[in-house]
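In the order they appear, the protein sequences are chains A, B, C and D.
For the first sequence, my numbering gives the first residue as 415, with consecutive numbering after it.
For the second sequence, my numbering gives the first residue as 415, with consecutive numbering after it.
For the third sequence, my numbering gives the first residue as 4, with consecutive numbering after it.
For the fourth sequence, my numbering gives the first residue as 4, with consecutive numbering after it.
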Amino acid sequence: MSLDDLYQEIILDHYRSPKNRAPSLEGEDVHVHHSNPLCGDEMDLRLRVADNAVDGLVFDGEGCSISQASASAMTVAVIGRTLDDALDLAEDFRRMMHGEESKRPDDLLDGVAFEGVAKFPVRVKCALLGWMAAKDAIETYLTGERDHEVTHDE
Amino acid sequence: MSLDDLYQEIILDHYRSPKNRAPSLEGEDVHVHHSNPLCGDEMDLRLRVADNAVDGLVFDGEGCSISQASASAMTVAVIGRTLDDALDLAEDFRRMMHGEESKRPDDLLDGVAFEGVAKFPVRVKCALLGWMAAKDAIETYLTGERDHEVTHDE
Amino acid sequence: MSFDVQTRKKDFPTLSREVHGRRLVYLDSAATSQTPLPVLDAMDGYYRTCRSNVHRGVYQLAEEATDLYEGARRKLAALVGAPEHGVVFTKNATEACNLVAYSWVRRNLGPDDVVLTTHMEHHANIVPLLHAREDLGFEIRWIPVREDGQLDLEEAARLLDDGRVRFVAVGHVSNVLGTINDVAGIAAMAREANPDCIVHVDGTQAVPQMPVDVPALGVDFYALTGHKMCGPTGIGALVARPELLEQMPPFLTGGEMILDVTTEGATWAPIPGRFEAGTPMIAEAAGLGAAVDYLTEIGLDEVRAHEQQLVAAFLEGLERIEGVSVHGPRDPALRGGAISFKLDGVHPHDIGAMLDSYGVCVRVGHHCTKPLMRHLGVNATARASVYLYNDLDDLPPLLEGLEAAASFFAR
Amino acid sequence: MSFDVQTRKKDFPTLSREVHGRRLVYLDSAATSQTPLPVLDAMDGYYRTCRSNVHRGVYQLAEEATDLYEGARRKLAALVGAPEHGVVFTKNATEACNLVAYSWVRRNLGPDDVVLTTHMEHHANIVPLLHAREDLGFEIRWIPVREDGQLDLEEAARLLDDGRVRFVAVGHVSNVLGTINDVAGIAAMAREANPDCIVHVDGTQAVPQMPVDVPALGVDFYALTGHKMCGPTGIGALVARPELLEQMPPFLTGGEMILDVTTEGATWAPIPGRFEAGTPMIAEAAGLGAAVDYLTEIGLDEVRAHEQQLVAAFLEGLERIEGVSVHGPRDPALRGGAISFKLDGVHPHDIGAMLDSYGVCVRVGHHCTKPLMRHLGVNATARASVYLYNDLDDLPPLLEGLEAAASFFAR
Ligand SMILES: Cc1ncc(COP(=O)(O)O)c(C=O)c1O
Ligand SMILES: Cc1ncc(COP(=O)(O)O)c(C=O)c1O
Numbered sequence: 415m416s417l418d419d420l421y422q423e424i425i426l427d428h429y430r431s432p433k434n435r436a437p438s439l440e441g442e443d444v445h446v447h448h449s450n451p452l453c454g455d456e457m458d459l460r461l462r463v464a465d466n467a468v469d470g471l472v473f474d475g476e477g478c479s480i481s482q483a484s485a486s487a488m489t490v491a492v493i494g495r496t497l498d499d500a501l502d503l504a505e506d507f508r509r510m511m512h513g514e515e516s517k518r519p520d521d522l523l524d525g526v527a528f529e530g531v532a533k534f535p536v537r538v539k540c541a542l543l544g545w546m547a548a549k550d551a552i553e554t555y556l557t558g559e560r561d562h563e564v565t566h567d568e
Numbered sequence: 415m416s417l418d419d420l421y422q423e424i425i426l427d428h429y430r431s432p433k434n435r436a437p438s439l440e441g442e443d444v445h446v447h448h449s450n451p452l453c454g455d456e457m458d459l460r461l462r463v464a465d466n467a468v469d470g471l472v473f474d475g476e477g478c479s480i481s482q483a484s485a486s487a488m489t490v491a492v493i494g495r496t497l498d499d500a501l502d503l504a505e506d507f508r509r510m511m512h513g514e515e516s517k518r519p520d521d522l523l524d525g526v527a528f529e530g531v532a533k534f535p536v537r538v539k540c541a542l543l544g545w546m547a548a549k550d551a552i553e554t555y556l557t558g559e560r561d562h563e564v565t566h567d568e
Numbered sequence: 004m005s006f007d008v009q010t011r012k013k014d015f016p017t018l019s020r021e022v023h024g025r026r027l028v029y030l031d032s033a034a035t036s037q038t039p040l041p042v043l044d045a046m047d048g049y050y051r052t053c054r055s056n057v058h059r060g061v062y063q064l065a066e067e068a069t070d071l072y073e074g075a076r077r078k079l080a081a082l083v084g085a086p087e088h089g090v091v092f093t094k095n096a097t098e099a100c101n102l103v104a105y106s107w108v109r110r111n112l113g114p115d116d117v118v119l120t121t122h123m124e125h126h127a128n129i130v131p132l133l134h135a136r137e138d139l140g141f142e143i144r145w146i147p148v149r150e151d152g153q154l155d156l157e158e159a160a161r162l163l164d165d166g167r168v169r170f171v172a173v174g175h176v177s178n179v180l181g182t183i184n185d186v187a188g189i190a191a192m193a194r195e196a197n198p199d200c201i202v203h204v205d206g207t208q209a210v211p212q213m214p215v216d217v218p219a220l221g222v223d224f225y226a227l228t229g230h231k232m233c234g235p236t237g238i239g240a241l242v243a244r245p246e247l248l249e250q251m252p253p254f255l256t257g258g259e260m261i262l263d264v265t266t267e268g269a270t271w272a273p274i275p276g277r278f279e280a281g282t283p284m285i286a287e288a289a290g291l292g293a294a295v296d297y298l299t300e301i302g303l304d305e306v307r308a309h310e311q312q313l314v315a316a317f318l319e320g321l322e323r324i325e326g327v328s329v330h331g332p333r334d335p336a337l338r339g340g341a342i343s344f345k346l347d348g349v350h351p352h353d354i355g356a357m358l359d360s361y362g363v364c365v366r367v368g369h370h371c372t373k374p375l376m377r378h379l380g381v382n383a384t385a386r387a388s389v390y391l392y393n394d395l396d397d398l399p400p401l402l403e404g405l406e407a408a409a410s411f412f413a414r
Numbered sequence: 004m005s006f007d008v009q010t011r012k013k014d015f016p017t018l019s020r021e022v023h024g025r026r027l028v029y030l031d032s033a034a035t036s037q038t039p040l041p042v043l044d045a046m047d048g049y050y051r052t053c054r055s056n057v058h059r060g061v062y063q064l065a066e067e068a069t070d071l072y073e074g075a076r077r078k079l080a081a082l083v084g085a086p087e088h089g090v091v092f093t094k095n096a097t098e099a100c101n102l103v104a105y106s107w108v109r110r111n112l113g114p115d116d117v118v119l120t121t122h123m124e125h126h127a128n129i130v131p132l133l134h135a136r137e138d139l140g141f142e143i144r145w146i147p148v149r150e151d152g153q154l155d156l157e158e159a160a161r162l163l164d165d166g167r168v169r170f171v172a173v174g175h176v177s178n179v180l181g182t183i184n185d186v187a188g189i190a191a192m193a194r195e196a197n198p199d200c201i202v203h204v205d206g207t208q209a210v211p212q213m214p215v216d217v218p219a220l221g222v223d224f225y226a227l228t229g230h231k232m233c234g235p236t237g238i239g240a241l242v243a244r245p246e247l248l249e250q251m252p253p254f255l256t257g258g259e260m261i262l263d264v265t266t267e268g269a270t271w272a273p274i275p276g277r278f279e280a281g282t283p284m285i286a287e288a289a290g291l292g293a294a295v296d297y298l299t300e301i302g303l304d305e306v307r308a309h310e311q312q313l314v315a316a317f318l319e320g321l322e323r324i325e326g327v328s329v330h331g332p333r334d335p336a337l338r339g340g341a342i343s344f345k346l347d348g349v350h351p352h353d354i355g356a357m358l359d360s361y362g363v364c365v366r367v368g369h370h371c372t373k374p375l376m377r378h379l380g381v382n383a384t385a386r387a388s389v390y391l392y393n394d395l396d397d398l399p400p401l402l403e404g405l406e407a408a409a410s411f412f413a414r
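What follows is the structure in structure tokens.
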């Protein structure tokens, strides 16, 4: 396992120029706050829903290159998808982080670049932070809540 | 360390034909009950005092050859001594069991045969059971009590 | 013999030594087993090639150490048929029993509740309950032991009858009598009397010597220890139903088991990490993982078959000696490898010392089962226990030593 | 350098390995130290020559094992100037802190009492208190950390002023800032404010790297861990004033720590056995004893002097790198071997990964000190920590890796 497996160029691009990184979202329906107990990293994710689909999604927070880049790539992959489809994609990414092959590599877009992270167990949680926050935001929306705070291990 | 260091002939004699082993003592002043947590052995010791000296002393109970023989040899060495002197002798025996040289080998009588037991740490408690019960009986007498029960490690 | 003991014996270095000029005959595996070379190598491998701390390191070494540690959890879980996150590493079986006492018993029971246990338990399985009772005041009921060394299950049924028993603590295999208890049956009885009853099994003596499938037993908690199953000292485990574990507050607290800590309070990590505070027993886990491999390779059914043959021979041999009587079941099928006995007129201490002079290691004392000793009407017993590296050659020195003790100490 | 590090280095096998094609540079001794060969040999010696259980065996093997175990207690006691029966073996420092929390704090404090601790504690020293507070409701006061990484003792005096503080928990050396706290001074202040105040020190980071005399510090409890002081994993200790220990009920209960057990209850063994339930960490104690010998042979004042030289060089080197700033005291005389730092614009995780590719092991994260992280205004830090086997050759790879991280991750 070399450093290049971890820090692919696409990842560094997302890290250096994140997409959809913002402290607020107009017309926000749900806000979730997630943190990674391992490194203390924190992430705010805001979701706006229209027609049962992800209409707007922004993230903000502090974290390592992997967590920031992964959240950025996630927003690009998820915006525009129906809520169910987005949940399915998040699950696909989670499985990929546990060493399984992605079933939807084309839909993950730049997310596939994170496949190599699975070889670095301590960094898996970094890559998952944004995706798990998105999953939580959608589930929170579906239960009718507006806010959710989670410190999690997955 | 061989078995002969432990089981000297004098010890076996006391074990096979114990002195002052009895379930009761006429005119008993104090009764103490001691037990050894290691092996569960129990000992009853009864003391009669006259003129501030050990006038009568009997033991009873269950235990290994070392504890029975040591209690027997102890009674022979202690009966007739003043209380203070008996306490001093018990302390001498205790030191011997911790590897120091006895200062009163002549007064310990057959008790000196137990010197080798010091080399068998788990058996030291067996050899001490009777002596520590005697010490306790005397101290109990001096505080004016009549009965004392002790489970002890020494 | 069912597998090649002579070859296996070579894996256990201490067995090739002499004491008092005699070949060492180790008959004290119920106290602690010998440790085979692959286990020592696994620990050495950790220290020599990837010595580092687990869990939080982003560097290569720490990942290797973490793999060893979590790999051991996976292996142990597989051995007892349990899910990985239902395996909590502890320092020994005693800590596992205390974890149950602190995180479940003390958090769930009150003065109106009843706990059921038995007269043949090891102190590890009952003292935490006696200690908790001092603070909580619940009632403890005791399943008696019959003449034949078996639990009196009819009496157990009566003790369960009023439906008030909320916690059962029972040993799987007795370290004194050798009795194998029907813990699945007892668990079923307890649940029938009270569906909410929680069952804790002390499996310390079972896991080393027979196949155990914890979920199949239908119990909630199952404690075990590494040093009796060819593993190192310093590690044990509590196997638990994950759903139950998830509801429990932690017991030992500190690093590695929190989600967050502020001056206001702490929140707890998911299981099993929640119950593993501080730097864990890393080398020991690596060793225990190798021990599980070692046992699995031989096969625990083979170990069990081997022991049954030995036990049959030992029981026969012992009973041929005048004055010897054996405690516990006579039928090897009903028992494990520990055989307690008495020798008329000779104190166990003296038996032990004489046997030592013959190179034979047996345990003498109350074996941390004082209530059972009272029940048997003795202060102590002598106990010979066999394991996978013993064979029939180990019997004659035992018998010889006992004959010598009988004639030497006879009054 | 004050002693021959090159020779010493050969005693630590992991140090001679390579990672990612680079020489391994181990800078994570504050997490866990490397283990020298004499320690591995001591454990191996136990397993290979006298593998047996301690305390209750009447046979030769068990006596040898007991001597190893109790010999280790004697050595450790001598190292910290404490009486033998004031040394309780635990599985790690975390268990030692929990022992204090369960057997003293939870038995003595109530809702009107006050506990004093600091913002720089390791979770091991505060989470057991936060957990106990949930049940008991006492107040916790926090000594703040000044800008220069030192405890604010003026504020401490104010916090003690009303005489209500009954328990103080303070670390001897910070695992993040490196700060050496004046625990003797704090203990004296606390006792002046309230003569009944009990002082518990977390000495985990102190014992490995400087001479410590616990009675001279005037504290009641002192926790330490084996794996950070050249010892094995799986063992630690609580050093305690025997008179205090004697008054305390046990915490973990089970075998080996009782005087008697009946169905009515149990009575407790004398100290220190009362606090050591179950089969202890026998091999680990043998290893820890050898570690104490190893440290004593070098001399802890030599270790300290060596570290101070290294720390001075490391601080200088780090501060030459643009964007790096070091947390904690600048003066090597005021600190131990742990150096936390940040690198502007680069997350500690990324620093750690980059350094790993240079063969350099550092720890990144919150180091089990979340309240301190909040105080420092960071989520995590990177931490390099030196020990007796490090030398000046270990600095250039660190600096090189940091330069690389700075240019690679700069946004
Ligand atoms: C200051 C401090 N206290 C306590 C601990 C806990 O030690 P252990 O993990 O060995 O229980 C550590 C190390 O992790 C530490 O650095
Ligand atoms: C039946 C039983 N339970 C529990 C224990 C305690 O195990 P440990 O000493 O490893 O905690 C033992 C062994 O001593 C045992 O035989």
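No residue lacks a Cβ here, since even glycine has one placed at the ideal position from N, Cα and C.
Keep in mind it's a predicted model, so treat the numbers as computed, not measured.
Residue-chain proximity (residue i, chain F), Cβ-Cβ < 8 Å
i	result
residue 353 of chain C	Protein chains in the displayed structure are A, B, C and D, and chain F is not among them.
Unbroken alpha helix (DSSP H) run spanning residue i, endpoints
i	result
residue 545 of chain A	535–556
residue 330 of chain D	That residue, residue 330 of chain D, is in no alpha helix (DSSP H); it is neither H nor E in DSSP.
residue 134 of chain C	126–139
residue 146 of chain D	No alpha helix (DSSP H) holds residue 146 of chain D; the beta strand (DSSP E) holding it covers 142–146.
residue 52 of chain C	40–52
Near ligand 1: residue i beta-carbon under 7 Å from a heavy atom
i	result
residue 37 of chain D	no
residue 205 of chain D	yes
residue 371 of chain D	yes
Residues sharing a beta bridge with residue i, DSSP
i	result
residue 460 of chain A	A:445, A:472
residue 517 of chain B	Bridge partners of residue 517 of chain B: none, in fact.
residue 21 of chain C	C:26
Within chain D, partners of residue i - CB distance below 8 Å
i	result
residue 225 of chain C	Under the 8 Å cutoff, chain D gives no residues; its nearest Cβ is about 16 Å from residue 225 of chain C.
Neighbour list for residue i in chain A, Cβ cutoff strictly below 8 Å
i	result
residue 360 of chain D	416, 417
As assigned by DSSP and simplified to three states, the class of residue i
i	result
residue 268 of chain D	strand
residue 309 of chain C	helix
residue 561 of chain A	strand
residue 370 of chain C	coil
residue 4 of chain C	Legend: pLDDT at residue 4 of chain C = 47, less than 50; position of this residue unreliable, no value from coordinates given.
residue 568 of chain A	Below a pLDDT of 50, predicted positions are generally treated as unreliable, and residue 568 of chain A, at 43, falls in that range; no measurement from the model is reported.
Contacts that residue i makes with chain B (C-beta to C-beta distance below 8 Å)
i	result
residue 66 of chain D	534, 535, 536
Start-to-end residues for the beta strand (DSSP E) that takes in residue i
i	result
residue 487 of chain B	From DSSP, residue 487 of chain B is part of no beta strand (DSSP E) but of the alpha helix (DSSP H) over 479–492.
residue 72 of chain C	Note, residue 72 of chain C: premise wrong, no beta strand (DSSP E); alpha helix (DSSP H) at 63–82.
residue 205 of chain D	201–205
Residue i CB to nearest heavy atom of ligand 2 below 7 Å
i	result
residue 447 of chain B	no
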